[in-house]
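Encoded as structure tokens, the structure appears first; notes follow it.
There are 2 protein chains.
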Amino acid sequence: MHRTSLEQWLVLQTVVDAGGFAQAAELLHRSQSSVSYAVARLQERLGVELLHIDGRRAHLTTIGETLLQDARLLITELETLELRAHALAQGAEAKVRLAVDSIYPKDHLFGVLARFAQRYPYTRVELNEVIRLSPSRGANLADLSICLQSAENTAGQKLMDVELIAVAHRDHPLHHTGKTVLSFADLTHHLQVRLGDESLPAHELSGAPRPNWMVNTVEAAIEAVRSRLCFGWLPRHTIQQALADGLLLPLPLGTGQTRDIPLTLHFSDYDRTGSTTRALASLLLETDSMHSQI
Amino acid sequence: MHRTSLEQWLVLQTVVDAGGFAQAAELLHRSQSSVSYAVARLQERLGVELLHIDGRRAHLTTIGETLLQDARLLITELETLELRAHALAQGAEAKVRLAVDSIYPKDHLFGVLARFAQRYPYTRVELNEVIRLSPSRGANLADLSICLQSAENTAGQKLMDVELIAVAHRDHPLHHTGKTVLSFADLTHHLQVRLGDESLPAHELSGAPRPNWMVNTVEAAIEAVRSRLCFGWLPRHTIQQALADGLLLPLPLGTGQTRDIPLTLHFSDYDRTGSTTRALASLLLETDSMHSQI
DNA sequence: GCTACCTATCGAATTACCGGATCAATATAA
DNA sequence: TTATATTGATCCGGTAATTCGATAGGTAGC
Numbered sequence: 004m005h006r007t008s009l010e011q012w013l014v015l016q017t018v019v020d021a022g023g024f025a026q027a028a029e030l031l032h033r034s035q036s037s038v039s040y041a042v043a044r045l046q047e048r049l050g051v052e053l054l055h056i057d058g059r060r061a062h063l064t065t066i067g068e069t070l071l072q073d074a075r076l077l078i079t080e081l082e083t084l085e086l087r088a089h090a091l092a093q094g095a096e097a098k099v100r101l102a103v104d105s106i107y108p109k110d111h112l113f114g115v116l117a118r119f120a121q122r123y124p125y126t127r128v129e130l131n132e133v134i135r136l137s138p139s140r141g142a143n144l145a146d147l148s149i150c151l152q153s154a155e156n157t158a159g160q161k162l163m164d165v166e167l168i169a170v171a172h173r174d175h176p177l178h179h180t181g182k183t184v185l186s187f188a189d190l191t192h193h194l195q196v197r198l199g200d201e202s203l204p205a206h207e208l209s210g211a212p213r214p215n216w217m218v219n220t221v222e223a224a225i226e227a228v229r230s231r232l233c234f235g236w237l238p239r240h241t242i243q244q245a246l247a248d249g250l251l252l253p254l255p256l257g258t259g260q261t262r263d264i265p266l267t268l269h270f271s272d273y274d275r276t277g278s279t280t281r282a283l284a285s286l287l288l289e290t291d292s293m294h295s296q297i
Numbered sequence: 004m005h006r007t008s009l010e011q012w013l014v015l016q017t018v019v020d021a022g023g024f025a026q027a028a029e030l031l032h033r034s035q036s037s038v039s040y041a042v043a044r045l046q047e048r049l050g051v052e053l054l055h056i057d058g059r060r061a062h063l064t065t066i067g068e069t070l071l072q073d074a075r076l077l078i079t080e081l082e083t084l085e086l087r088a089h090a091l092a093q094g095a096e097a098k099v100r101l102a103v104d105s106i107y108p109k110d111h112l113f114g115v116l117a118r119f120a121q122r123y124p125y126t127r128v129e130l131n132e133v134i135r136l137s138p139s140r141g142a143n144l145a146d147l148s149i150c151l152q153s154a155e156n157t158a159g160q161k162l163m164d165v166e167l168i169a170v171a172h173r174d175h176p177l178h179h180t181g182k183t184v185l186s187f188a189d190l191t192h193h194l195q196v197r198l199g200d201e202s203l204p205a206h207e208l209s210g211a212p213r214p215n216w217m218v219n220t221v222e223a224a225i226e227a228v229r230s231r232l233c234f235g236w237l238p239r240h241t242i243q244q245a246l247a248d249g250l251l252l253p254l255p256l257g258t259g260q261t262r263d264i265p266l267t268l269h270f271s272d273y274d275r276t277g278s279t280t281r282a283l284a285s286l287l288l289e290t291d292s293m294h295s296q297i
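Residue numbers (the working numbering), protein chains in the order written: chain A, 4 to 297; chain B, 4 to 297.
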């Protein structure tokens with residue numbers, strides 16, 4: 004049970020900022036006595052002197068200063084809460100749930116989300132990063148999902164291709180075989196790091212069984228390769244710097260060196276999708292159509 | 004001007020948590036009609052439906068859920084604001100300003116501040132880290148200060164000695180002179196990093212002029228030494244790990260290798276110092292008397 | 001001392017809020 | 001199916017909180 008109301012703190016704030024009770028009354032469209040009453044009541048309920056009147060001017064006490072500092076935050080937060088409520092009353096959606104496959108480039112993602120936040124400041128985004136995201140899983144998790152395109156599904160709208168490139172650390176034995184071209188057989192006895200989790204079915208992108216590390220984040224896969232322990236197909240955009248530095252080198256695998264992974268955008272239930280969610284989808288599509296290949 | 008009061012949001016919160024209007028009324032020690040009124044008023048002012056009644060049970064709408072999520076924070080924040088006010092009314096100080104010389108070990112400092120925060124959760128600490136802090140400067144900056152002890156002042160209470168140790172990177176030329184003992188003359192033509200700023204007087208701890216880098220943070224001094232460019236006297240506690248790893252090695256300077264810098268605790272104005280500030284001082288003294296040498 | 005300015009206080013009026021009773025809707029049990 | 005208990009909405013009278021205008025009491029500047 005609260006002893007004070009934010010309204011009272013607001014009055015105090017206005018008195019301090021306006022530099023007096025009368026000026027505050029003006030700003031608040033209230034009578035001066037009302038302002039005086041509110042401040043007096045606030046202090047009475049707290050049992051603390053917040054404003055000290057010396058001479059004919061009011062000054063914050065040290066305690067008042069400290070407490071008002073906190074109260075200011077609360078006041079503006081309540082204001083934004085109410086603004087948010089108002090925006091939602093106008094039909095804006097409260098939140099948009101977005102599931103994104105973890106190989107989708109983060110700079111794209113956050114670029115889009117930043118622009119989205121500008122246009123829809125009161126809609127919250129719940130972001131869910133998932134490895135090997137399928138449209139069906141995405142539909143469970145979110146309103147909108149950026150998924151891997153597989154054979155079964157073609158429904159989604161194409162966003163972009165993410166280029167996976169086979170790489171190993173420059174000190175990795177695969178870069179010191181003497182061969183100018185490696186065959187897939189050469190990879191057999193080396194540790195490969197792969198993205199996935201236990202729950203996934205056994206059939207994998209590359210056929211033959213070979214020693215594998217399974218990791219469930221892109222970051223872990225990169226670290227595994229950087230540590231010289233593994234080779235692996237990594238999204239090119241995540242290792243640009245290491246490639247430029249020569250720290251990681253592409254494996255000379257001929258045509259198998261790179262793989263383009265198509266990512267598609269899916270609505271969980273298009274007909275029941277609100278305009279805000281659709282706007283986010285449009286932003287995603289626009290952005291990626293501009294530089295379709297990464 | 005606020006359209007809603009936190010009191011109303013509190014009622015909504017209670018209704019949701021208690022699982023009904025009647026139960027909320029019970030918890031709030033109010034009548035059921037009062038609860039109903041508050042929620043109705045809240046929704047009316049916002050122009051949004053927050054609770055939807057289906058059947059005879061109330062459920063949050065999506066909007067309600069999102070907004071309440073924010074409101075909960077505000078409610079507890081107002082509570083702590085009021086608790087803080089109450090604590091201050093009981094005589095606790097609103098804030099304690101503390102100035103600390105930058106060679107004072109941070110783990111001591113934060114250990115003490117953590118315990119202080121437990122005992123005085125409503126007193127805020129304003130921490131000011133300063134290089135070469137003198138008691139007079141400390142008195143200007145803060146209520147309480149941890150300063151270097153100089154010849155002029157002996158008033159403060161002794162806290163601890165910080166051991167500075169002359170070190171250089173293991174690859175630094177000073178470690179490859181062939182000598183088993185270095186003299187101060189050997190240092191003359193090497194770059195020394197020193198802690199200070201331009202405003203300080205020219206007379207320094209070590210007499211003779213020699214090529215110097217002046218940096219104004221301990222961290223910068225450490226980095227300068229780690230980069231192999233400089234040698235310098237660094238606080239031992241800040242480079243324990245590098246010493247253990249053998250990355251930085253003490254310079255064999257005989258008795259001049261280490262210097263104990265005494266740090267003392269000073270009150271800006273002891274007579275006007277409140278009990279909370281004194282309690283912090285006691286905590287500092289207790290902690291450091293337990294392991295007086297670092 | 002006079003004047004301008006500032007906050008506190010008083011009394012009357014208004015408004016917001018509360019509690020109790022009652023109503024309509026609905027879930028539960030017989 | 002019917003009786004019953006539970007739940008939230010609403011109405012109504014009463015009360016407490018808040019507002020306003022007027023006025024009092026104090027301070028700073030002249």
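Yeah, the Cβ is synthetic: ideal placement off N, Cα and C, and Gly gets one too. Please read all numbers here as calculations on a predicted model, not as lab measurements.
Counted within 10 angstroms of its Cβ, other Cβ atoms place residue i as buried (16 or more) or exposed
i	result
I297 of chain A	Low per-residue confidence applies at I297 of chain A: pLDDT is 45, beneath 50, and the placement is therefore not dependable enough to give any value.
A224 of chain B	buried
L237 of chain B	buried
D146 of chain B	buried
I168 of chain B	buried
F270 of chain A	buried
G67 of chain B	buried
D57 of chain B	exposed
V18 of chain B	buried
A41 of chain A	buried
Q121 of chain A	exposed
G210 of chain B	Any reading at G210 of chain B must be qualified, since the residue scores a pLDDT of 49, below 50, and its modelled position is unreliable; no value is offered.
M293 of chain A	exposed
L141 of chain B	The sequence shown places Gly at residue 141 of chain B, rather than the Leu named in the question. That one is buried.
F113 of chain A	exposed
A205 of chain A	Below a pLDDT of 50, predicted positions are generally treated as unreliable, and A205 of chain A, at 49, falls in that range; the measurement from the model is reported next regardless. That one is exposed.
W12 of chain B	buried
Whole-number beta carbon distance between residue j and residue i, since they are thought to touch under 8 Å
i	j	result
C150 of chain B	L9 of chain B	Actually they do not touch by this definition, with Cβ atoms about 45 Å apart.
E80 of chain B	L77 of chain A	6 Å
E245 of chain A	R229 of chain A	According to the sequence displayed, residue 245 of chain A carries Ala and not Glu. Their Cβ separation, rounded to whole angstroms, is 7 Å, which keeps A245 of chain A and R229 of chain A in contact under 8 Å.
L31 of chain B	V38 of chain B	7 Å
V1 of chain A	L198 of chain A	For residue 1 of chain A there is no data in the structure shown, the boundaries of chain A being 4 and 297.
R231 of chain A	H175 of chain A	6 Å
L268 of chain B	A284 of chain B	6 Å
V196 of chain B	A227 of chain B	4 Å
I316 of chain A	V170 of chain A	Nothing in the structure corresponds to residue 316 of chain A, since chain A is present only between 4 and 297.
Q35 of chain A	A43 of chain A	So it is not a contact: roughly 12 Å between Cβ atoms.
Which listed residue (the options) has its alpha carbon closest to that of residue i
i	options	result
S148 of chain A	A:S137, A:D291, A:E155	A:S137
F234 of chain B	B:D248, B:L256, B:A247	B:L256
G159 of chain A	A:Y273, A:M4, A:E29, A:H193	A:Y273
E52 of chain B	B:L232, B:T69, B:T180	B:T69
L86 of chain B	A:G50, A:V115, A:T64	A:G50
M4 of chain A	B:G181, B:N219, B:V14	B:V14
E47 of chain A	B:V38, B:S292, B:R60, B:A92	B:A92
K161 of chain A	A:E289, A:Y123, A:T183	A:E289
P253 of chain B	B:V196, B:H178, B:S186, B:L144	B:H178
R75 of chain A	A:V115, A:E132, A:Q16, A:Q35	A:Q16
L63 of chain A	A:D200, A:V115, A:G22, A:S278	A:G22
T279 of chain A	A:F187, A:N215, A:T241, A:P124	A:P124
DSSP bridge partner residues for residue i (one or two, in chain order)
i	result
H269 of chain B	B:S148
F234 of chain B	B:Q195
H55 of chain B	B:H62
I106 of chain B	Note: I106 of chain B sits in no beta bridge, so no partner.
D263 of chain A	A:E166
K98 of chain B	B:R127
A171 of chain A	A:L252
E132 of chain A	A:V103
Q72 of chain A	Partner(s): none; Q72 of chain A has no beta bridge.
K161 of chain A	A:T267
M4 of chain A	According to DSSP, M4 of chain A bridges with nothing at all.
* Asked: Can you find at least 3 beta carbon pairs, one from the stretch 104-123 of chain B and one from the stretch 99-107 of chain A, that sit closer than 8 Å?
  -> no
* the stretch 274-284 of chain A / the stretch 238-251 of chain A touching (three or more Cβ pairs under 8 Å) -> no
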